[in-house]
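Participant: In our numbering, the protein residues as written are 402 to 459.
Ideal Cβ placement from N, Cα and C applies to all residues, glycine included.
#1: Under 7 Å Cβ to Cβ from residue 438, same chain only, skipping five residues before and after it: list those, please.
#2: Going along the chain, which residues of its own chain have a beta-carbon closer than 6 Å to the beta-carbon of residue 433, five neighbours each way excluded?
#3: Taking only three categories from DSSP, how would you classify residue 415?
#4: By Cβ distance, which residues of its chain are closer than 6 Å to residue 424, with the 5 residues on each side in sequence left out?
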């Protein structure tokens with residue numbers, strides 16, 4: 402825990418989805434929806450799922 406370190410958008414995607422679905426939640430695999438989030442990026446599936454649920458626009 403680093404209270405003085407900024408939270409990234411990717412980290413926030415994980416926080417929001419785990420808050421909504423529970424700590425054991427894992428989203429489905431990424432499909433490459435966003436050109437600036439390559440499949441294989443550590444948070445790719447989290448970012449795509451956040452958009453799929455309408456929580457963010459991308």
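Facilitator: Working from what's here:
#1: Taken in chain order, the residues that qualify are 445 and 448.
#2: Counting only Cβ-Cβ distances below 6 Å, and skipping sequence neighbours, we find 440.
#3: Three-state result, residue 415: helix.
#4: So no residue of the chain qualifies.
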